[in-house]
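So the sequence shown is numbered by this note's numbering: it starts at 7 and just counts up by one. Don't be surprised by glycine CBs; every beta carbon is placed ideally from N, CA and C.
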Amino acid sequence: MILLFLVAKLSYAQQEKVDSLWSDPLVEQQIEEGIEKNRKGDFVLKLDGLAKGDAEITIEQVRHDFLFGANAFMVGGFEEAEKDQQYGQVFDSLFNLATVPFYWKTLEPQQGDRRFEKGSEPIYRRPAPDAVLEFCQTHQQTPKGHTLIWNNPTHSVPDWLPKDTAAIEELMEERIKIIAERYGDKIKTWDVVNEMLHYFPQVIMPKDYVYKSFKMAEKYFPADTRLFINEVTSVWLNPHEYSPYNLLIDNLLKRGAKIDGIGLQYHFFNEAVRDNVLAGKVMRPKDLTDALNLYGAYNLPIHVSEITIPAMPNTAEGQAYQAKLTRNYYRLWFSHPAVESIIWWNVVDGTAVKGEDVFNGGILNNDFSKKPVYGVLDELINKDWKTNISDKLSDQGEYSFRGYYGRYRISIKQKGKKVIEKEVAFTRDAPVVSF
7 MILLFLVAKL SYAQQEKVDS LWSDPLVEQQ IEEGIEKNRK GDFVLKLDGL
57 AKGDAEITIE QVRHDFLFGA NAFMVGGFEE AEKDQQYGQV FDSLFNLATV
107 PFYWKTLEPQ QGDRRFEKGS EPIYRRPAPD AVLEFCQTHQ QTPKGHTLIW
157 NNPTHSVPDW LPKDTAAIEE LMEERIKIIA ERYGDKIKTW DVVNEMLHYF
207 PQVIMPKDYV YKSFKMAEKY FPADTRLFIN EVTSVWLNPH EYSPYNLLID
257 NLLKRGAKID GIGLQYHFFN EAVRDNVLAG KVMRPKDLTD ALNLYGAYNL
307 PIHVSEITIP AMPNTAEGQA YQAKLTRNYY RLWFSHPAVE SIIWWNVVDG
357 TAVKGEDVFN GGILNNDFSK KPVYGVLDEL INKDWKTNIS DKLSDQGEYS
407 FRGYYGRYRI SIKQKGKKVI EKEVAFTRDA PVVSF
């Protein structure tokens, strides 16, 4: 009993220390100013005489330009149809990007037998890409392909892959070519190589396979395809010029690899890292900012590409702290000019890959009830970071406002009668829209 009391006291003291880092007025100022500068613009709506006098205008943001996402690995993966529907509703309510699984091991379990089509033999957490693309269309999600090449023997390397590097290189090129031909016009953002800094001695890969993978992807995908590199959470722990990931990216770019974006994962699967986070030793606001500044210097978009923030313990207190951490991280990431997308990983508790599902890193409990972290994301994405205005129109022929970049529904009423309703996009490149 005394031990439990001491652990609780220690945990509370640790949380206070971390909270003090995030409540620092300078950190808060940095975040608020970054959001205002990097996520909002001054917009002008030219009405060209469409409304005069006592007209009223309603401006409702219906979609973000910024990409908030999650993996869509559980599409069609629940036993009850009701849960499949609820899964889609989460994407409807929070997200506009879905990560589509293309893991080699499960996409081609037998050589030449590829599971592209909807209705392919089901594999847990690996729905057929065609089914996920249909889901994306239904729920208005931007698809992101993940991943073309990954040297992980458990999750990606097919059991049938030969041990000859020349043969593997030919099969890599065949795989990338076939995927590009089938999905190149449907999916415009891809993780080309995943977690390449992790070495598996039992896996034989062609020499310089990361560079070769990018050259193959550039060769076969349409020119407007964006090719990303993606690496694990340790990149946040080592944000300096000579960190391995930074050196690798620099080397690949100097040799002409077409890298269009950089992925930084953010999984707390390592209990030591988690404990250090809770002790305020790592992943502090300055650490995260330093990492974003380091990789942002390439002037390439950054995706915080895979996020697992655990509720440990999975109690009311643990879930509340999961929500608090999430709010801190999302606000800092959203404020940074280099970040283009923030992607939660597993939406529902109990649906992570085996061994990682113990961390309770979903935004829903396994019974689909909403955790506090869901409420935090809803508040940020749908309230704090959306612009909605109701106002009177003057006779000047235009209406100016400041808002978040994205798509808006514009409604104008005159004498109580709607005279026009239209959706328009306000972006950095198009801050002025004419009706």
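- The beta carbon of Lys424 is closer than 8 Å to those of Ser417, Ile418 in its chain, skipping five residues each way along the sequence.
- Here Val106 is near Lys150, since their CB atoms are less than 8 Å apart.
- Cβ contact annotation for Leu284 (same chain, cutoff 6 Å, sequence separation greater than five): Gln20, in chain order.
- With respect to the C-alpha of Tyr130, the residue from Trp28, Arg415, Lys360, Gly412 having the closest C-alpha is Lys360.
- Burial check for Lys218: the Cβ neighbour count within 10 Å reaches 16 or more, so the residue is buried.
- Beta-bridge pairing by DSSP links Gln91 to no other residue.
- If you draw a 10 Å sphere on the C-beta of Thr144, you find fewer than 16 other C-beta atoms in it, and that means exposed.
- Going by C-alpha positions, Asp397 is about 14 Å away from Lys421.
- Within the DSSP bridge table, the entry for His309 names Gly269, Ser347 as partners.
- Counting C-beta pairs closer than 8 Å gives fewer than three between the region 223-237 and the region 275-290, which falls short of the contact rule.
- If you ignore the 5 residues before and after Asp54, its C-beta comes within less than 8 Å of the C-beta of Gly403, Ser440, Phe441, all in its own chain and listed in chain order.
- In terms of CA proximity to Thr148, Ala76 leads the group Lys89, Met178, Ala76.
- In the three-state DSSP reduction, Thr153 falls in the strand class (E or B).
- When DSSP states are grouped into helix, strand and coil, Thr314 belongs to the strand group.
- Our two residues, Ala186 and Val68, have alpha carbons roughly 31 Å apart in a direct line.
- Counting C-beta pairs closer than 8 Å gives fewer than three between the region 121-141 and the region 286-306, which falls short of the contact rule.
- CA-to-CA, the gap between Glu224 and Val279 works out to about 36 Å.
- Counting only the Cα atoms, Ala317 lies some 7 Å from Tyr327.
- Beta-bridge partners assigned by DSSP to Ser406: Val50.
- With a 10 Å radius around the Cβ and a threshold of 16 neighbouring Cβ atoms, Gln95 comes out exposed.
- The alpha-carbon separation between Asn299 and Tyr248 amounts to approximately 14 Å.
- Burial check for His309: the Cβ neighbour count within 10 Å reaches 16 or more, so the residue is buried.
- Under the three-state reduction of DSSP output, Thr433 falls in the coil class, being neither helix nor strand.
- Nearest Cα to Val379 within the set Ala358, Asp363, Val353, Asp401: Val353.
- C-alpha of Trp166 to C-alpha of Thr160: approximately 13 Å in a straight line.
- Separation of Lys389 and Asp98 (C-alpha to C-alpha, rounded to the nearest whole angstrom) is 15 Å.
- Taken through DSSP and simplified to helix, strand or coil, Arg69 comes out as strand.
- Of all C-beta pairs linking the region 112-120 to the region 80-89, fewer than three are shorter than 8 Å, placing the two stretches out of contact.
- Following the DSSP letters along the chain, one finds Tyr414 inside the beta strand (DSSP E) bounded by residues 412-420.
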